[in-house]
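So in the working numbering the end of the sequence shown lands on 506, straight run, no missing numbers.
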Amino acid sequence: MEILNNFSNGLLVALEPANLMYCFVGVFLGTFIGVLPGIGSMAAISMILPLTFYLEPTSALVMIAGVYYGAEYGGSIASILMNIPGTPSSSITCIDGYPMARDGRAGVALFASAIASFGGGIMGMIVMAILAPALAQLALNFGPTEYFAVILLGLVAASAVSNGSPIKGIAMVAAGLMFGTVGVDITTGAERFTMGIPELRDGVHLVIVAMGLFGVGELIVSIRANAKGEHDNEIDYANFYPSKAEWKSMIAPIFRGSGIGSFFGALPGTGQTVASAVAYAIEKKVSPNRAKFGKGAIEGVAVPEAANNSATQTAFIPTLTLGVPGSASMALVIGALMMYGIVPGPRLLVDHADLFWGLVASFLIGNVLLLILNIPLIGLWVKLLKIPYRYMYPTIIVLICVGVYSLNNNVFDVWLTLVFGWAGYLMRLFKFEPAPFLIGFVLGPMMEEQLRRAMLLSRGDATVFLTRPISGTLIVITALLLVYAFYSAFRQRRTSKTIPSTTET
2 MEILNNFSNG
12 LLVALEPANL
22 MYCFVGVFLG
32 TFIGVLPGIG
42 SMAAISMILP
52 LTFYLEPTSA
62 LVMIAGVYYG
72 AEYGGSIASI
82 LMNIPGTPSS
92 SITCIDGYPM
102 ARDGRAGVAL
112 FASAIASFGG
122 GIMGMIVMAI
132 LAPALAQLAL
142 NFGPTEYFAV
152 ILLGLVAASA
162 VSNGSPIKGI
172 AMVAAGLMFG
182 TVGVDITTGA
192 ERFTMGIPEL
202 RDGVHLVIVA
212 MGLFGVGELI
222 VSIRANAKGE
232 HDNEIDYANF
242 YPSKAEWKSM
252 IAPIFRGSGI
262 GSFFGALPGT
272 GQTVASAVAY
282 AIEKKVSPNR
292 AKFGKGAIEG
302 VAVPEAANNS
312 ATQTAFIPTL
322 TLGVPGSASM
332 ALVIGALMMY
342 GIVPGPRLLV
352 DHADLFWGLV
362 ASFLIGNVLL
372 LILNIPLIGL
382 WVKLLKIPYR
392 YMYPTIIVLI
402 CVGVYSLNNN
412 VFDVWLTLVF
422 GWAGYLMRLF
432 KFEPAPFLIG
442 FVLGPMMEEQ
452 LRRAMLLSRG
462 DATVFLTRPI
472 SGTLIVITAL
482 LLVYAFYSAF
492 RQRRTSKTIP
502 STTET
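Below, the structure is given as structure tokens:
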């Protein structure tokens, strides 16, 4: 009953005209940006973030959240119609969505994607409403040692469980930690790693890093991968609605995908891509129609979309209740909250209950808006995808530069964004993921602050991190994750060495 009362109060907040308008703007812009190939939720939030500086905190967070899950849904549209994932997590949708489009059933695939996304979003919202308060109540017992341990766990999880080499993920986290220390030390007043550049005294702004790594970096990758970017696929929209048999076959995958996505979304460092991939793999094993997977199975569209959108909602659980980002995009949400002077953590549900429950209720409204918006606007998204890349990319670059310049009215910030953009491109070129870098950049200063507090309270006794039960348990889990990361790297290297020798024989 307490959860229902809190949710009803949050619904009143979310239905305020201003919040309702910003929720609509967020899901519309998010879908618009997400449907463009080569962009994604990270770049979408990065481009919208400067616009939220002048809003109330609740309105800003509702708009950012709308952009977040709107972009994730928009990515599935490009995946189904063009076989080009708008976001990394929607790449799983390509496996069965694009074959359905080529068979003239694009309307059915898009409709199934919309229904599965709605179901996954609602499931994620319910899980967040139930679990977040309980997790926050537990976190009220956290002190500096526990916060340091949970942030350390989040950093290692973001690197060890990420796609690609775990060692490279750890290296990216370490690099992000280093860049997070640039600027004047708040405690001592000493300049750190500014190289004598006055513009770096205040550190590197989060928007600059995010826009560079994920906005400019993704554009460079897409320009090289798609020289023309013009597609002439004929899409048949005569039949939007699945048959009765297809409706029945979608129900169980949507529930399974939503459950799997809710679980992985709440784990720091995993995110929607892992949730979609795992859900698809499990569904392929348990589905009675497993032979159709990869050839245009409607279950293959429904299950990753449900997992993707439920993970998008539950990623807010560790972000808001523990201050640890559930995904790379959530690192931007933490940065946005801190710009408003709101510290994410267990006190958020007590000190800013209207903001938290208003956000949870806005998930319901936003998912309904997505369902209403995207089915009639499918034709519009197709026309946007037919715009040649040579017109689309300069426009996006201009928008990024204008957004960055508006931070401090300084051209140096624009150049720094372009530098981070090329750095992001080189990271992708050499198989280094930029997401762990961003997480390390955001959480580094917070971890340093908690470390200093813990050492001051313990009078320099470092064993306090192991003697306190919660922090000791978290550090043991972190150590196990590190062992797993090094073991995985050793096993991958050993496998790569044995494969050539087997081939030669």
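Where is the CB? At the ideal position from N, CA and C, for every residue including glycine.
Just so you know, these numbers come straight off a predicted model, no measurement behind them.
Write down the C-beta distance between Leu154 and Ile478 rounded to the nearest angstrom, noting that I regard them as a contact closer than 8 Å. 6 Å
Quick check on Tyr392: buried or exposed, where buried means 16 or more other Cβ atoms within 10 Å of its Cβ? exposed
Classify Glu284 as helix, strand or coil using the three-state DSSP reduction. helix
Straight-line CA distance for Ser263 to Thr188? 39 Å
Output the distance between the C-alpha atoms of Gly336 and Leu207, rounded to the nearest integer angstrom. 7 Å
Ala172 lies in the alpha helix (DSSP H); which residues open and close that run? Pro167 to Gly181
Does at least one heavy atom of the ligand GDP sit under 7 Å from the Cβ of Val302? The model on display carries no ligand, and the ligand GDP is accordingly not part of it.
Could you tell me the boundaries of the alpha helix (DSSP H) in which Pro254 lies? Lys245 to Gly266
Contact check, Gly277 vs Ile93 under 8 Å by CB: the rounded distance? The sequence shown places Ser at residue 277, not Gly. Ser277 to Ile93, Cβ: 4 Å. Contact.
Start and end of the alpha helix (DSSP H) containing Tyr23? Pro18 to Gly35
Could you pull the start and end residues of the alpha helix (DSSP H) that Asp355 belongs to? Ala354 to Asn375
Using 8 Å as the threshold, is the stretch 410-430 in touch with the stretch 196-206, meaning 3 or more CB pairs across them? yes
From this set, Lys296, Arg453, Ser47 and Tyr74, which residue's C-alpha is nearest Arg106's C-alpha? Lys296
Could you pull out every residue in the same chain whose Cβ sits closer than 6 Å to the Cβ of Gly367, ignoring the five residues on either side in sequence? Cys24, Val28 and Gly67
So, helix, strand or coil for Ala490, using DSSP? helix
Would you identify the three-state DSSP class for Arg509, choosing helix, strand or coil? Given a span of 2 to 506 for the chain in the structure shown, any question on residue 509 remains unanswerable.
Less than 7 Å between C-beta atoms, sequence neighbours within five positions excluded: which residues of the same chain meet that for Glu306? Ser77, Thr94, Ser114, Ala117, Ser118 and Gly121
List the endpoints of the continuous alpha helix (DSSP H) containing Gly346. Gly346 -> no alpha helix (DSSP H), and no H or E assigned at all.
Counterpart residues of Arg193 in DSSP-defined beta bridges: Gly184
Please name the residue, chosen from Val205, Leu371, Ala480 and Gln314, that lies closest to Ser330 on a Cα-to-Cα basis. Gln314
Report yes or no: do three or more beta-carbon pairs, one from the stretch 277-288 and one from the stretch 249-258, lie closer than 8 Å? yes
Apart from the five residues on each side of it in sequence, which residues of its chain come closer than 6 Å, Cβ to Cβ, to Arg454? Pro145
Whole angstroms are fine: how far does the CA of Leu439 sit from the CA of Val205? 12 Å
Taking Cβ positions, are Pro446 and Gly177 nearer each other than 8 Å? no
Could you tell me which whole alpha helix (DSSP H) segments of length 4 or greater appear in the stretch 389-429? 390-409
In chain order, which continuous runs of the alpha helix (DSSP H) of length 4 or greater are located wholly inside the stretch 313-343? 317-322 and 329-340
In the DSSP assignment, find the unbroken alpha helix (DSSP H) run with Ile209 in it and report its ends. Leu207 to Ala211
Met448 (DSSP reduced to helix, strand or coil): helix
Please go through the same chain and pick out, in chain order, the residues whose beta-carbon is closer than 6 Å to the beta-carbon of Gly75, but skip the five residues on each side of it. Thr32, Gly35, Val36 and Gly87
Taking its Cβ as the centre, do 16 or more other Cβ atoms sit within 10 Å of Thr464, making it buried, or is it exposed? exposed
Assigned secondary structure, Leu507 (DSSP; H/G/I helix, E/B strand, else coil): Limits of the chain in this structure are 2 at one end and 506 at the other, which puts residue 507 out of reach.
Taking the C-alpha atoms as reference points, what is the distance between Pro100 and Val344? 46 Å
Grab me the residues of Ala133's own chain with a C-beta within less than 6 Å of its C-beta, minus the 5 sequence neighbours each way, in chain order. Ile318 and Thr322
State buried or exposed for Arg494, treating a residue as buried only when at least 16 other CB atoms are found within 10 Å of its CB. exposed
Cβ shell of Met126 (< 7 Å), same chain only, five flanking positions each side left out: Gln314, Val361, Phe364 and Leu365
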